[in-house]
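A short write-up of the structure that comes next.
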Amino acid sequence: MLAWAVVRPFGWPEAVTAVPAAGIAVATGAISLDHARAEAERLGPVVGFLAAVLVLAHFCDVEGLFQACGAWTARWAGGRPVRLLTAVFALASAITAVLSLDATIVLLTPVVFATAARTGVRPKPHVYACTHLSNTASLLLPVSNLTNLLAFAASGLSFTRFAALMALPWLAAIGAEYLVFRRFFARDLAAAAPADRDTGEAPRLPLFALVTVGCTLAGFVVASAFGVEPAWVAAAGALVLAGRALARRKATPLSVVRAAAPAFLAFVLALGIVVRAVVDNGLADVLGHLVPSGTGLPALLGIAALAALLANLINNLPAVLVLLPLAAPVGPGAVLAVLLGVNIGPNLTYAGSLATLLWRRIVQQHEHDVDLGEFTRLGLLAVPSSLAVAVVALWGSLQVL
Amino acid sequence: MRVIAWLVEGTWPACVDAVRAHAPDDAEVVLLHVSGPDVPAVAHGAFAGLLGRGHPAGHRPAGDWGSDPGDRLEALGGTSAAALLDAAAERLGRPCVREERSGRVEREVVAAAEGAELLVLARDGDRSRLGPKSLGPAVRFAVDHAPCPVLLVWPEPAPALGTIPPPPPHRH
Chain V
176 MLAWAVVRPF GWPEAVTAVP AAGIAVATGA ISLDHARAEA ERLGPVVGFL AAVLVLAHFC
236 DVEGLFQACG AWTARWAGGR PVRLLTAVFA LASAITAVLS LDATIVLLTP VVFATAARTG
296 VRPKPHVYAC THLSNTASLL LPVSNLTNLL AFAASGLSFT RFAALMALPW LAAIGAEYLV
356 FRRFFARDLA AAAPADRDTG EAPRLPLFAL VTVGCTLAGF VVASAFGVEP AWVAAAGALV
416 LAGRALARRK ATPLSVVRAA APAFLAFVLA LGIVVRAVVD NGLADVLGHL VPSGTGLPAL
476 LGIAALAALL ANLINNLPAV LVLLPLAAPV GPGAVLAVLL GVNIGPNLTY AGSLATLLWR
536 RIVQQHEHDV DLGEFTRLGL LAVPSSLAVA VVALWGSLQV L
Chain G
3 MRVIAWLVEG TWPACVDAVR AHAPDDAEVV LLHVSGPDVP AVAHGAFAGL LGRGHPAGHR
63 PAGDWGSDPG DRLEALGGTS AAALLDAAAE RLGRPCVREE RSGRVEREVV AAAEGAELLV
123 LARDGDRSRL GPKSLGPAVR FAVDHAPCPV LLVWPEPAPA LGTIPPPPPH RH
């Protein structure tokens, strides 16, 4: 099933095999009906949360939030490459944390490229920063990355406690990435553009989208204080933005459903059930010996390194589903260490995992490809350094909070 | 006489100025810009790494979760290359040919220089001191492999002679 998800013959959605595979797992008794139901109940709110965040991000784009962000950074940077990189780091970190990594990759990257090109700055460091930060900056909130949502459901942490524990690792990892980028791309960043390039008109402030996102974030804090599932808050925010777009005829009911990526949601649910079946049938025993127990600094480093390795081999979604049942009994610290590994680790390869990378190399979907040596050198510098400082920061947060 | 000026974001004005200063009035000037494949390819790769999103085959409108940001980058790259060449032609202020290429940058430059009498390019490395590191890998390749005379310019005023390290002590 994983192979199918990577290869995707005929361009069919991954859910086409994932859902039947989950059905077979249940039908053949590889997973008991009770376990399957428990898994589905656990994943239900996660999938709902995910759908809401995807809708929220999509309609922020419709409201022009990303375009406005591009225009602001262009004006602030004024054609100075280092300043633009700083702005891109701040922007990509905020967008990844609040609107998920999908938003950064699909919606923000083209805007950043256009901004760099328009102001005469070499786009390479800035585009690479978007791809790296879509992983590294997805540590902060449960909504930032699907891996976080899965771990959030398993860890038993509240929304605010999750964010409080992850705030320091998030900042530390982004800081480490920033230093690596400044050094690695020093030559490109020194190529100053002629200053007379036009930086575009002052953008219209997408006030409605900003206020909705701000209220949704505040709602997460309030909801978790009262023990309400934060997925409801995200759904409310998504409904407000989608409703406005519908009322203004900028969207149709079909485009709202599309924005929620239903095939993806089905895939997540099915993947969870299949992985549970695999873990039930022996994988837990094998990996159980490898996962360090305890929550001291060496144990956390070990867990994060193992998670990063596994995420690079398969992909971070299956990796987190495999490691969660093993880390959850150890405690929230271990679960968060797994997240550091699976979120930062994929920066080692530009396609997220060796499996995807190898397949892309085999089919050569694109005539030319990334300079693999350069990207890997960047990953070998950025991943270990940001992972190490993030784990130390997590350990510190666990001691204090 | 055919003069090729290889223009890169951030350093191109120096090349255009060098053409104005050194190319004969009757020379045919070609302004060359090469788009490398790696920036869109990184976006393609990041998109492919999003497992399970059910990306459909074919193009989707921008903003849709199924639209590959790499495709958008390729389109935008073409627009920005054209804009750069326009700005350069304006700065040059004389008739010229604009040439846009895409592929491995250093090899495309060498190929474009075939049959030319002069290749003008700008240093793209560490420009804080005089020395071999002031050439990045792409310019190094083009200088080493150019099939014609080369005019290598500093994008900014050149650093002082004092930036050269002292010679190593004489050994017996």
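Residue numbers (the numbering used here), protein chains in the order written: chain V, 176 to 576; chain G, 3 to 174.
Glycine included, each C-beta is placed from N, C-alpha and C at the ideal position.
The structure displayed is predicted, hence computed values, not measured ones.
Review point. Expressed to the nearest angstrom, what Euclidean distance is found between the alpha-carbon atoms of G:Leu132 and G:Asp19?
Key: In the second sequence, the residue the question calls residue 132 of chain G occupies position 130. In the second sequence, the residue the question calls residue 19 of chain G occupies position 17. Here the C-alpha atom of G:Leu132 lies approximately 21 angstroms from the C-alpha atom of G:Asp19.
- Who are the neighbours of G:Thr182 on chain V, taking C-beta pairs under 7 angstroms? Because chain G here runs from 3 to 174, residue 182 of chain G falls outside it and cannot be looked at.
Rounded separation between G:Gly80 and G:Ala48 - CA only = Position 78 of the second sequence, counting from 1, holds the residue named residue 80 of chain G. Position 46 of the second sequence, counting from 1, holds the residue named residue 48 of chain G. Just so you know, the alpha carbons of G:Gly80 and G:Ala48 end up roughly 21 angstroms apart.
Practice prompt. Under 7 angstroms Cβ to Cβ from G:Ala90, same chain only, skipping five residues before and after it: list those, please.
Written response: Here the question's residue 90 of chain G lines up with position 88 in the second sequence. The answer, listed in chain order, is Leu9, Trp14, Val18, Leu33.
Would G:Gly95 count as contacting chain V if we go by Cβ distances under 8 angstroms? Taking the first residue of the second sequence as 1, we reach residue 95 of chain G at position 93. Interface flag for G:Gly95 against chain V is unset, since no Cβ pair is found closer than 8 angstroms.
- Message: Please list the terminal residues of the continuous beta strand (DSSP E) segment that includes G:Ala124.
- Response: Locating residue 124 of chain G in the second sequence gives position 122, where the first residue counts as 1. 120-124 is the span of the beta strand (DSSP E), which, as asked, contains G:Ala124.
key: Backbone secondary structure at G:Glu30 - three-state DSSP   = What you label residue 30 of chain G is simply residue 28 of the second sequence in a count that begins at 1. DSSP places G:Glu30 in strand when its eight states are reduced to three.
**Prompt:** Of all the residues that make up the region 112-144 of chain G, which are near chain V by a beta-carbon distance shorter than 7 angstroms?
**Reply:** Cβ contacts with chain V come from Asp126, Gly127, Asp128, Arg129, Gly138.
- Item | Top-ranked residue by Cα proximity to G:Arg109, from G:Ala50, G:Ala77, G:Pro139, G:Leu87 | Here the question's residue 109 of chain G lines up with position 107 in the second sequence. In terms of Cα proximity to G:Arg109, the closest of G:Ala50, G:Ala77, G:Pro139, G:Leu87 is G:Pro139.
Of the listed residues V:Gly254, V:Thr279, V:Gly253, nearest to V:Ala265 (C-alpha basis)
In the first sequence, residue 265 of chain V corresponds to position 90, counting from 1. It is V:Thr279.
Answer yes or no: does any C-beta atom of chain V fall closer than 8 angstroms to that of G:Arg103? On the second sequence, position 101 is the one that residue 103 of chain G refers to. Not one chain V Cβ lies under 8 angstroms of G:Arg103.
Open item on the list: Taking the straight line between their C-alpha atoms, what separation do you get for G:Leu86 and G:Glu11?
Closed with: The sequence position of residue 86 of chain G within the second sequence is 84, counting from 1. The sequence position of residue 11 of chain G within the second sequence is 9, counting from 1. Taking the Cα positions, G:Leu86 is about 8 angstroms away from G:Glu11.
List the residues that DSSP assigns as beta-bridge partners of G:Trp8. As a working mapping, residue 8 of chain G is identified with position 6 in the second sequence. G:Leu34.
>> Check this for me: beta carbons of V:Leu340 and V:Leu576, under 8 angstroms apart or not?
In response: In the first sequence, the residue the question calls residue 340 of chain V occupies position 165. In the first sequence, the residue the question calls residue 576 of chain V occupies position 401. Taking C-beta atoms as the reference points, V:Leu340 and V:Leu576 count as a pair closer than 8 angstroms.
(message) Could you check whether V:Leu514 and V:Thr261 sit closer than 8 angstroms to each other, using their CB atoms as the reference points?
(response) Here residue 261 of chain V is taken as the residue at index 86 of the first sequence, counted from 1. Here residue 514 of chain V is taken as the residue at index 339 of the first sequence, counted from 1. Going by C-beta atoms, V:Thr261 is not nearer than 8 angstroms to V:Leu514.
**Report entry** DSSP three-state assignment for G:Arg100, whether helix, strand or coil
**Finding:** Working through the second sequence from its first residue, we reach residue 100 of chain G at position 98. Note: G:Arg100 maps to strand in three-state DSSP.
Practice item. Please classify G:Val155: does DSSP put it in a helix, a strand, or coil? Key: Taking the first residue of the second sequence as 1, we reach residue 155 of chain G at position 153. In the three-state reduction of the DSSP assignment, G:Val155 falls in the strand class, which pools E and B.
Where the alpha helix (DSSP H) containing V:Leu229 begins and where it ends: The residue given as residue 229 of chain V occupies position 54 in the first sequence. V:Leu229 -> alpha helix (DSSP H) spans 208-237.
*Under 8 angstroms, do V:Ala342 and V:Leu315 count as touching if we go by C-beta distance?*
On the first sequence, position 167 is the one that residue 342 of chain V refers to. On the first sequence, position 140 is the one that residue 315 of chain V refers to. Yes, they are a contact pair.
Q) Can you tell which of V:Leu276, V:Val237, V:Leu283 has the C-alpha that lies nearest to the C-alpha of G:Arg74? A) Sequence index remark: in the second sequence, residue 74 of chain G carries index 72 (1-based). Nearest to G:Arg74 by C-alpha distance, out of V:Leu276, V:Val237, V:Leu283, is V:Leu283.
Rounding to the nearest angstrom, what Cα-Cα distance links V:Thr427 and V:Ala232 in this structure? Reading the first sequence from its first residue, position 252 is the one you call residue 427 of chain V. Reading the first sequence from its first residue, position 57 is the one you call residue 232 of chain V. Their Cα atoms are separated by approximately 16 angstroms.
### Message
Taking CB distances under 8 angstroms as the criterion, tell me whether G:Asp66 reaches chain V.
### Response
Position 64 of the second sequence, counting from 1, holds the residue named residue 66 of chain G. Chain V contact via Cβ: present.
V:Arg451 versus chain G: which residues are under 9 angstroms apart at the beta carbon?
For the purposes of this step, residue 451 of chain V is taken as the residue at position 276 of the first sequence. Simply none; closest approach about 16 angstroms.
query: If you count every other CB in all the chains shown that lies within 10 Å of the CB of V:Leu276, and 16 or more means buried, which is it?
result: As a position in the first sequence, residue 276 of chain V is number 101, starting the count at 1. Buried, because 16 or more other Cβ atoms sit within 10 Å of the Cβ of V:Leu276.
message: Cβ closer than 8 angstroms: which chain V residues qualify as neighbours of G:Ala23?
response: Mapped onto the second sequence, residue 23 of chain G falls at position 21. Listed along the chain, the chain V residues whose CB falls inside 8 angstroms of the CB of G:Ala23 amount to none; the nearest CB is some 17 angstroms away.
Practice task
Buried or exposed for V:Asp460, please, with buried defined as at least 16 other CB atoms from any protein chain shown within 10 angstroms of its CB.
Solution key: Counted from its first residue, the first sequence places residue 460 of chain V at position 285. With fewer than 16 Cβ atoms within 10 Å of its Cβ, V:Asp460 is classed as exposed.
Taking the alpha carbon of V:Ser330 as the point to measure from, which residue in V:Ala502, V:Pro559, V:Leu547 has its own alpha carbon closest? To locate residue 330 of chain V, count along the first sequence from 1; it is residue 155. The residue with the shortest Cα to Cα distance from V:Ser330 is V:Ala502.
query = Would the beta-carbon of V:Val201 fall within 8 angstroms of that of V:Ala211?
reply = As a position in the first sequence, residue 201 of chain V is number 26, starting the count at 1. As a position in the first sequence, residue 211 of chain V is number 36, starting the count at 1. Yes, they are a contact pair.
G:Pro172: first and last residue of the uninterrupted alpha helix (DSSP H) it sits in: Counting from 1 along the second sequence, the entry for residue 172 of chain G is found at position 170. A small fix is needed here, since residue 172 of chain G is His in this sequence, not Pro. In the DSSP annotation of this structure, G:His172 is not part of any alpha helix (DSSP H), being labelled neither H nor E.
Q | V:Lys425 - DSSP class collapsed to helix/strand/coil | A | Counted from its first residue, the first sequence places residue 425 of chain V at position 250. Note: V:Lys425 maps to coil in three-state DSSP.
Taking only beta carbons into account, state which residues of the region 43-56 of chain G come closer than 7 angstroms to chain V, listed in chain order. For the region 43-56 of chain G, the set of positions with a beta-carbon nearer than 7 angstroms to some beta-carbon of chain V reads Ala43, Val44, Ala45, His46, Gly47, Ala48, Phe49, Ala50, Gly51, Leu52, Leu53, Gly54, Arg55, Gly56 in chain order.
query: Hey, is G:Val155's beta-carbon within less than 8 angstroms of any beta-carbon in chain V?
result: Stepping through the second sequence from its first residue, residue 155 of chain G is reached at position 153. Not an interface residue.
- Query: When DSSP labels each residue in this structure, what does V:Arg451 get in the three-state scheme?
  - Reply: What you label residue 451 of chain V is simply residue 276 of the first sequence in a count that begins at 1. DSSP places V:Arg451 in the helix class (H, G or I) of the three-state scheme.
Q. Whose C-beta lies closer than 7 angstroms to the C-beta of V:Phe327 among residues of the same chain, with five residues either side of it excluded?
A. The count along the first sequence starts at 1 and reaches residue 327 of chain V at position 152. Within the same chain, Cβ atoms closer than 7 angstroms to the Cβ of V:Phe327 are found at Pro317, Phe337, the five residues on either side in sequence being excluded.
Review point. So, helix, strand or coil for V:Thr279, using DSSP?
Key: Position 104 of the first sequence, counted from the start, is the residue given in the question as residue 279 of chain V. Residue state, collapsed to three classes: helix.
For V:Phe401, does the count of other Cβ atoms within 10 angstroms reach 16, so buried, or fall short, so exposed?
-> Residue numbering aside, residue 401 of chain V sits at position 226 when the first sequence is read from its first letter. Per the 10 Å Cβ criterion, exposed.
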